[in-house]
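As given, the protein sequences belong to chains R and S, one line each in that order.
Residues in the first sequence are numbered from 42 upward in steps of one, following my numbering.
Residues in the second sequence are numbered from 860 upward in steps of one, following my numbering.
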Amino acid sequence: GQQLNQSPQSMFIQEGEDVSMNCTSSSIFNTWLWYKQDPGEGPVLLIALYKAGELTSNGRLTAQFGITRKDSFLNISASIPSDVGIYFCAGQRPGSEKLVFGKGMKLTVNP
Amino acid sequence: EPEVTQTPSHQVTQMGQEVILRCVPISNHLYFYWYRQILGQKVEFLVSFYNNEISEKSEIFDDQFSVERPDGSNFTLKIRSTKLEDSAMYFCASTAGLADTQYFGPGTRLTVL
Numbered sequence: 042g043q044q045l046n047q048s049p050q051s052m053f054i055q056e057g058e059d060v061s062m063n064c065t066s067s068s069i070f071n072t073w074l075w076y077k078q079d080p081g082e083g084p085v086l087l088i089a090l091y092k093a094g095e096l097t098s099n100g101r102l103t104a105q106f107g108i109t110r111k112d113s114f115l116n117i118s119a120s121i122p123s124d125v126g127i128y129f130c131a132g133q134r135p136g137s138e139k140l141v142f143g144k145g146m147k148l149t150v151n152p
Numbered sequence: 860e861p862e863v864t865q866t867p868s869h870q871v872t873q874m875g876q877e878v879i880l881r882c883v884p885i886s887n888h889l890y891f892y893w894y895r896q897i898l899g900q901k902v903e904f905l906v907s908f909y910n911n912e913i914s915e916k917s918e919i920f921d922d923q924f925s926v927e928r929p930d931g932s933n934f935t936l937k938i939r940s941t942k943l944e945d946s947a948m949y950f951c952a953s954t955a956g957l958a959d960t961q962y963f964g965p966g967t968r969l970t971v972l
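Laid out in structure tokens, this is it:
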């Protein structure tokens, strides 16, 4: 259905390392979004993807909209301590306004 | 940079009481949304609102919930008779166009005792 499977659920990395996370679905999405959420705050948009195959960067972040329109990944390069938080993927299906969110990936960066 | 604001940041209420959560969307945005996030879980869609009416809602958004845009700037979510399981973070979001990026507010933490 409209479930988004986000993996991994958590990661513990050393400062300077790269990290990758992805989301998959059995349904097609028109839009893929990646948000970061700090404790007690709202999701903050990191990257928005609107076309299948699109690869977009925002500083050390790179995200891709899968060719099949059923998946997306996010890479963070050269992690820093302030990258800690929960990263959510979200998708928007054709004809729907709502965002469907993944369960999130909790990132811990050890200095 | 314009942002979505929400008040209050934390609301504590007794079960059965009515609560109204308030949002001020970004000023030129036309589409408005409410989402909720139960502690430790994913963000879930509640309702979308455009042109003074609900355009889409989830199964969570039952008749205990209502939304309103009482004036040109505020967007509210009312829960008529709160239940313990309504305890969550409630996020407002807005967007300029239907397929545009949704920008989220900082949330209101609702605690139902």
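Using N, Cα and C, we set each Cβ at its ideal position, and we do this for glycine too.
Checklist entry - Do R:Thr103 and R:Val125 come within 8 angstroms of each other at the CB atom, strictly closer than that value? => result no
Item to check | Inter-residue CB distance, S:Tyr894 and S:Phe934 (contact presumed, cutoff 8 angstroms) | outcome: Wrong, their Cβ atoms sit about 13 angstroms apart, outside the cutoff.
Checklist entry - Which same chain residues, not among the five before or five after R:Leu87, have their C-beta less than 7 angstroms away from its C-beta? => result Trp75, Tyr76, Lys77, Asn99 and Leu102
Checklist entry - Should S:Ser886 and S:Leu905 be called a contact, given that it needs their Cβ atoms to be closer than 8 angstroms? => result Taking 8 angstroms as the Cβ cut-off, S:Ser886 and S:Leu905 do not qualify as a contacting pair.
Checklist entry - Which value, in whole angstroms, describes the spacing of the CA atoms of S:Thr866 and S:Leu898? => result 19 angstroms
Item to check | Where R:Asp124 sits in the DSSP three-state scheme | outcome: helix
Item to check | Per-residue burial, S:Thr970 [other beta carbons within 10 Å of its own, 16 or more giving buried] | outcome: When all chains shown are included, S:Thr970 counts as exposed.
Checklist entry - Among S:Ala952, S:Ser953 and S:Asp959, which has the Cα closest to the Cα of R:Pro135? => result S:Asp959
Checklist entry - From R:Asp79, R:Met146 and R:Ser68, pick the residue whose C-alpha is nearest to that of S:Met948; which is it? => result R:Asp79
Next on the checklist: Short of 8 angstroms Cβ to Cβ, which residues in the stretch 123-151 of chain R face chain S?
Outcome noted: Phe129, Ala131, Gln133, Ser137, Glu138, Lys139, Leu140, Val141, Phe142, Gly143, Lys144 and Gly145
Checklist entry - Where do the ends of the beta strand (DSSP E) carrying R:Met146 lie? => result Met146 to Asn151
Next on the checklist: Against R:Pro84, what residues of chain S qualify as contacts under a CB-to-CB distance less than 8 angstroms, listed in chain order?
Outcome noted: Val902, Phe950 and Phe963
Next on the checklist: Taking 8 angstroms as the threshold (C-beta atoms), are R:Ser120 and R:Ile54 in contact?
Outcome noted: yes
Checklist entry - Going by alpha carbons, who is nearest to S:Ser940 out of S:Thr967, S:Met874 and S:Gln870? => result S:Met874
Checklist entry - Could you give the residue range of the beta strand (DSSP E) that holds R:Asp112? => result Taken as a continuous stretch (DSSP letters only), the beta strand (DSSP E) holding R:Asp112 covers Asp112 to Ile117.
Checklist entry - In three-state DSSP terms, what is R:Glu58? => result coil
Checklist entry - Any idea what DSSP makes of S:Leu943, helix, strand or coil? => result helix
Next on the checklist: Can you pull the chain S neighbours of R:Leu74, defined as C-beta to C-beta under 9 angstroms?
Outcome noted: Thr960 and Gln961
Item to check | Residues that R:Tyr76 bridges to, as DSSP identifies them | outcome: R:Leu86 and R:Phe129
Checklist entry - Between the C-alpha atoms of R:Gly145 and R:Met62, what's the straight-line distance to the nearest angstrom? => result 10 angstroms
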